[in-house]
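In the UniProt record's numbering, the protein residues as written are 1 to 496.
Shown next, in C-alpha cells, is the structure this report addresses.
The structure is reproduced here in C-alpha cells:
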C-alpha cells in the first residue's frame, strides 16, 4: 500500500463524486465510512466520475489526500457534514457515530489541490495537450496519451503554466533545428500523480515545480557549491525524448509527440526526470509560484546570488522584460539605493518602478555610449550591473559601466552564436569583474524551495509579474500577448 507520510493513500474522487450504497462496485460502504469515512479496509472499490468531457474509471484500494464529506444521508435522513483527515486509526470516540450510519449515499470530494493518483498509477493517461505541429503555427488542442513514468521519472498533473520567450523562440524555429510535433512549456506548477522505479525524493500528492534544467546530485557540478550546471540534466533544447530509454512519453494514435527541455507543461499531464523537479511548500499558491520555474528565478538569482549588491549600492539593469525586472526585484530585496533601468522602450519605466527601479536611461536619447552616460550619473560607474537582453552591445556596455576597483557585471541574456565580446583589457586590469550565470545559479531541487519561501514570507512579490490569466483552451492568446509585447507573464489555468 502506497503511503503519503503517515497517511494511507486513497483515490482522488474529483471535486464532486457520488456513490450509491446500491452500487455493486462499492464494496462494504459501512466499512468504508467506519474507518474515518475514508479507507476501505476490505476489498477494492471502483466508480466512474465525469471529468473533462469523458468518464474515467477509478479502481484501486489506494487513496490520496484529505476527504471532505459534504453530504451523507442515513435511513433517518440525518445529514452529516464533516472534514476528516485520512488516517487509519481506531479512535472510537470519533468513529462510533459513523459506524452506526448505514449510509444510502455519499457525496465526497477531495481538497481542490489534491491529485488523482493511485487510480491511474501505471496506466496510460489520456488528457488534453496543446500540440505544436509545425513552426510558427497556432497550437492545436489534442487528446494525447501520456505513458507511465519509467525509472527515475515522475508523472505530474500540471495545474498552472505560463509562457516564456524561450517557448516562443523554439516554436518559431528560427536559427535552430526544428523538431515537431512538440509540446512546449517549461514554466509550471503541479502535483505528483505517480513515480517511476527508484524515485524516493517525491511521492504522489507532493506539490512540485518542473524545471528545464536539473540536479542529479551525483556529478561534480551538483556536488560543487559553486555550480548548478548538472552534467546529466543540463538543458538540452534539441532532445525531444526521455533520457532513460530515448523514447517519448507522449503520443497520439501511437504517433510520438516530442518533449521540450524535459518538461512539456502545455499538457494536463507530463513526465519529467525526478532531478528536474523541485518539491515545494504545499501551502504555496501554484498559480503564483509557477513562474519561478524559469525567467523570474533567473533574473532574481543573477542579482542575489551572483552580483550580490550591498545595501545602499547602485545597480544598473539592462533590459526591462520579465527577467530584467526580476533582476531589479533582486536589487530591491538586497537594499540597493539606486536601481537604473536601461531599455530602448520608454514605456517600460513606469512599470519598472513597481520593481524598485529608481531611474531610467534610454540609449537612443544620447549621442555617447550608454556606459559613459551611466558613469557620469554615478561618479565613475555603478557598483553592479545585470544584463538581461542578450544583445552583444548591451553586454559590453553593462561591463564597461561598472566602477573600477569593485564593480561586478553579470551576463544573463543569451547572445547570437556568432557574436564576440570585445573590450579593452585595461577594463579588466582595473579590477572590474565579469561573470556569467545560468538559471540565477539556483540548483533546482536544493534551492528553488527557498525561493518559494521568499514569496511565502512576503519578501518576494510575484503578483506584479502576472499581467494575464487565461484558461488552457485559450493558450494561443498567451502567444499573441507576448508577441505584441503586452504584459510580462500570462498564467494559463489547466483546470477550466
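We treat Cβ as the ideally placed atom computed from N, Cα and C, and that holds for glycine.
As the structure is a computational prediction, the values presented were derived from the model and not from experiment.
Excluding the 5 residues preceding and the 5 following residue i in the sequence, name in chain order all residues of the same chain whose CB lies nearer than 8 Å to its CB.
i, result
"residue 219", "230, 231 and 232"
"residue 177", "238"
"residue 437", "298, 301, 302, 305, 306, 410, 411 and 412"
"residue 460", "300, 329, 333, 451 and 454"
"residue 144", "126, 127, 128, 129, 131, 183, 250, 251, 252, 257 and 267"
Taking just the CA atoms, how far does residue j sit from residue i?
i, j, result
"residue 255", "residue 244", "19 Å"
"residue 192", "residue 490", "23 Å"
"residue 172", "residue 135", "5 Å"
"residue 31", "residue 164", "Confidence in residue 31 is poor, its pLDDT being 33 and thus under 50, which makes the residue's placement too unreliable to answer from."
"residue 476", "residue 265", "14 Å"
"residue 492", "residue 469", "6 Å"
"residue 156", "residue 207", "9 Å"
"residue 474", "residue 495", "12 Å"
"residue 201", "residue 280", "12 Å"
"residue 62", "residue 465", "Unreliable positioning characterises residue 62 in this predicted model, as indicated by a pLDDT of 33, which lies under 50. A coordinate reading is not provided."
"residue 458", "residue 351", "20 Å"
"residue 222", "residue 462", "28 Å"
"residue 224", "residue 441", "12 Å"
"residue 320", "residue 198", "43 Å"
"residue 55", "residue 270", "Low confidence applies to residue 55: its pLDDT is 26, below 50, so where it sits in the model is not reliable enough to give any reading."
"residue 340", "residue 317", "6 Å"
"residue 185", "residue 353", "29 Å"
"residue 120", "residue 262", "22 Å"
"residue 126", "residue 251", "10 Å"
"residue 347", "residue 383", "26 Å"
"residue 195", "residue 259", "18 Å"
"residue 122", "residue 286", "26 Å"
"residue 217", "residue 369", "44 Å"
"residue 426", "residue 142", "57 Å"
"residue 246", "residue 133", "21 Å"
"residue 423", "residue 430", "12 Å"
"residue 148", "residue 456", "33 Å"
"residue 166", "residue 187", "10 Å"
"residue 138", "residue 479", "9 Å"
"residue 344", "residue 226", "34 Å"
"residue 373", "residue 403", "13 Å"
Run the CB neighbour count on residue i, radius 10 Å, all protein chains shown included, and call it buried at 16 or more, exposed below.
i, result
"residue 365", "exposed"
"residue 428", "exposed"
"residue 385", "buried"
"residue 312", "exposed"
"residue 296", "buried"
"residue 228", "buried"
"residue 389", "buried"
"residue 378", "buried"
"residue 124", "exposed"
"residue 170", "buried"
"residue 421", "exposed"
"residue 272", "buried"
Provide the residue(s) that pair with residue i in DSSP beta bridges, ordered along the chain.
i, result
"residue 385", "316 and 409"
"residue 126", "145"
"residue 158", "190"
"residue 250", "146 and 257"
"residue 269", "157"
"residue 469", "491"
"residue 132", "182"
"residue 360", "341"
"residue 433", "408"
Spatial neighbours of residue i within its chain, please: C-beta separation below 6 Å, excluding the five flanking residues on both sides.
i, result
"residue 338", "314 and 358"
"residue 336", "309, 313 and 315"
"residue 360", "341 and 349"
"residue 481", "468, 487 and 490"
"residue 445", "215 and 278"
Is the separation between the beta-carbon of residue i and that of residue j shorter than 7 Å?
i, j, result
"residue 439", "residue 213", "yes"
"residue 432", "residue 413", "no"
"residue 306", "residue 410", "yes"
"residue 154", "residue 289", "no"
"residue 326", "residue 299", "yes"
"residue 181", "residue 131", "yes"
"residue 452", "residue 189", "no"
"residue 129", "residue 293", "no"
"residue 183", "residue 291", "no"
"residue 448", "residue 209", "yes"
"residue 487", "residue 467", "yes"
"residue 394", "residue 356", "no"
"residue 415", "residue 392", "yes"
"residue 215", "residue 417", "no"
If you drop the 5 nearest sequence neighbours on each side, which residues of the same chain put their C-beta closer than 7 Å to that of residue i?
i, result
"residue 371", "397, 400 and 401"
"residue 323", "295, 298, 299, 388 and 412"
"residue 375", "381 and 401"
"residue 235", "212, 213 and 261"
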